[in-house]
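Chemist:
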Amino acid sequence: MHTMWKGSISFGLVNIPIKLHTATEDKDIKLRTLHNKCHAPIKYEKICTVCEQEVKPEDIVKAYEYTKGKFVVLDQEDLEKLRKENEEKAVEIIDFVKMEEIDPIYFDRSYYMSPNEGGGKAYSLLRKALQESQKVGIAKIIIRSKEQMAVIRVYENTLVMETIHFPDEVRRAGDVPNVPADDKVTDKELDTAIMLIDQLTTEFEPEKYTDEYRTALLELIEAKRTGQETVTPTAKETPSNVTDLMAALQASIDRTKPRSEGTGRKEPAIKKETTIKRETAAKKETIAKKPAVPRKKAAPKVKKEA
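Basically the working numbering = 1-based index in the sequence shown + 48.
Here's what the structure looks like:
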């Protein structure tokens, strides 16, 4: 597993040399843009808005736009020095909190932590202490020139660092438009909704969830690559146009009712199938009882005399 950061993490006087490894990977399918006429890749050039000329990488500098059209230019040497000064510092756990106190909206990315040389025992100590106390550590770290808050926790048998957003990076929920202020639902509607939730409640098994769009896109790409005919996937069942909330909840509950045991079919389907079989058998029996109609003999042919 590729190491993307080296440093150390400390709590109190305990210092642990560690390595960070990206815990997740982006499985998005990258599509290139081509020229429709000749199918050649499109090249994006960096053009100066004033000179209208292509700018080379060595002629590009970074700047902060503090007001519209006005910039503060930042030298690459200053940025590099600032980054190194902060990255060389050890990551210090500043607080320990309960995991349930952190809302999931704060979480950003996950990194596995492995002990660097000589850090095995201290690594095990922190892991065991977090497990026994049922707490997580809050720390700060600089990754790719950006200071971030982080949560240190245990996942299976490994320490994980979860970068989290600063409070001012999370937008206020109160600013979301058109959110109803009051609960205008009846007790019956609420009870039915809870019944539906109970019917759909199960244990979380991440393996059973797949990216259906990515799978279908890969199949489409492979089919086109090999010259095969593509097929249209079966359309999902379209929801009925139910405007009444109670009717929608009841329809959802009826749809999620467990199937009858032993047959794997719903009872209405069995009754329908049995009725069809009976009707077919009755028709066959009726046909068998009818007397056979004798065939008419063909009239003899008369030879014409020459």
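Where a beta carbon is used, it is the ideal one built from N, C-alpha and C, also for glycine.
It should be emphasised that the depicted structure is a prediction, and the values quoted were computed from it without experimental measurement.
#1: Which runs of the alpha helix (DSSP H) fall wholly inside the stretch 66–142 and span at least 4 residues, in chain order?
#2: Would the stretch 215–226 count as touching the stretch 171–178 if we require 3 or more Cβ pairs under 8 Å?
#3: Throw me the rounded Cβ distance for the isoleucine 212 and tyrosine 154 pair, which I believe falls under 8 Å.
#4: Whole angstroms is fine: what's the gap from asparagine 226's alpha carbon to phenylalanine 144's?
#5: Helix, strand or coil: which one does DSSP assign to proline 163?
#6: Helix or strand or just coil, what does DSSP make of glycine 168?
#7: Near tyrosine 171, what residues of its chain come up, given a Cβ to Cβ distance below 6 Å and the 5 sequence neighbours on each side ignored?
#8: Cβ atoms of leucine 122 and methionine 161: under 8 Å apart, would you say?
#9: Using beta-carbon positions only, say whether lysine 188 and valine 139 come within less than 8 Å of one another.
#10: Using DSSP with H/G/I as helix, E/B as strand and the rest coil, what is arginine 201?
#11: Helix, strand or coil, according to DSSP, for threonine 274 in the structure here?
#12: Find the nearest neighbour of isoleucine 90 within the set Glu100, Leu79, Val103 and Val98, judged by alpha-carbon distance.
#13: Taking all protein chains shown into account, decide if alanine 198 is buried (16 or more other Cβ within 10 angstroms of its Cβ) or exposed.
#14: Going by the beta-carbon positions, is the gap between leucine 244 and serine 300 smaller than 8 Å?
#15: At the level of alpha carbons, what is the spacing between histidine 12 and glutamate 102?
#16: When we look at the beta-carbon of methionine 209 and count the other beta-carbons within 10 Å, is it buried (16 or more) or exposed?
#17: Run through DSSP, which three-state label would threonine 211 get?
#18: Please report the distance separating the alpha-carbon of lysine 319 from that of leucine 297.
#19: Got a sec? Which residues, its chain only, sit under 7 Å from leucine 120 by beta carbon, not counting five neighbours each side?
#20: Quick one: grab the DSSP three-state call for arginine 220.
#21: Mind checking whether isoleucine 141 and isoleucine 77 have CB atoms under 8 Å apart?
#22: Can you tell me where the alpha helix (DSSP H) holding arginine 54 begins and where it ends?
#23: How far does the alpha helix (DSSP H) with alanine 299 in it reach, from first residue to last?
#24: What does lysine 188 pair with, by DSSP beta-bridge criteria?
#25: Is threonine 258 helix, strand or coil when you go by DSSP?
#26: Given lysine 236, which residues of its chain have a CB within under 7 Å of its CB, disregarding the five upstream and five downstream residues?
#27: Evaluate glutamine 124 with the Cβ neighbour count: other Cβ atoms within 10 Å of its Cβ, from every protein chain shown; 16 or more gives buried, anything less gives exposed.
#28: Identify the residues that DSSP records as bridge partners of threonine 249: which are they?
#29: Do threonine 70 and tyrosine 367 count as a contact pair if the criterion is CB distance below 8 Å?
#30: Within the same chain, show all residues whose beta-carbon is closer than 8 Å to that of aspartate 259, passing over the 5 residues directly before and after it, in chain order.
Modeler: In this structure, then:
#1: 124–135
#2: Counting Cβ pairs under 8 Å, fewer than three are found: no touch.
#3: 4 Å
#4: 37 Å
#5: strand
#6: helix
#7: Excluding positions up to five away in sequence, the list reads Ile64 and Pro163.
#8: no
#9: yes
#10: strand
#11: helix
#12: Leu79
#13: buried
#14: Yes. Within cutoff.
#15: Any question about residue 12 goes unanswered here, given that the chain covers just 49 to 354.
#16: Around the beta carbon of methionine 209, a 10 Å sphere encloses 16 or more other beta carbons of the protein chains shown; the residue is thus reported as buried.
#17: strand
#18: For lysine 319, the predicted model reports a pLDDT of 48, less than 50, meaning its position is unreliable; a value from the coordinates is still stated below. When rounded, the distance between both Cα atoms is 26 Å.
#19: The sequence given here has valine at residue 120, not leucine. Only Ala111, Tyr112 and Tyr114 meet the Cβ criterion.
#20: coil
#21: no
#22: Note that residue 54 corresponds to lysine in the displayed sequence, not to arginine. Not the alpha helix (DSSP H): lysine 54 falls in the beta strand (DSSP E), residues 53–59.
#23: 293–303
#24: Met197
#25: If DSSP states are grouped into helix, strand and coil, threonine 258 belongs with coil.
#26: Met294
#27: In summary, glutamine 124 is exposed, with fewer than 16 beta-carbon neighbours lying within 10 Å of its beta-carbon over all protein chains present.
#28: DSSP output for threonine 249 lists no bridge partner at all.
#29: As shown, the chain starts at 49 and ends at 354. That puts residue 367 outside it, with no answer to give.
#30: Lys75
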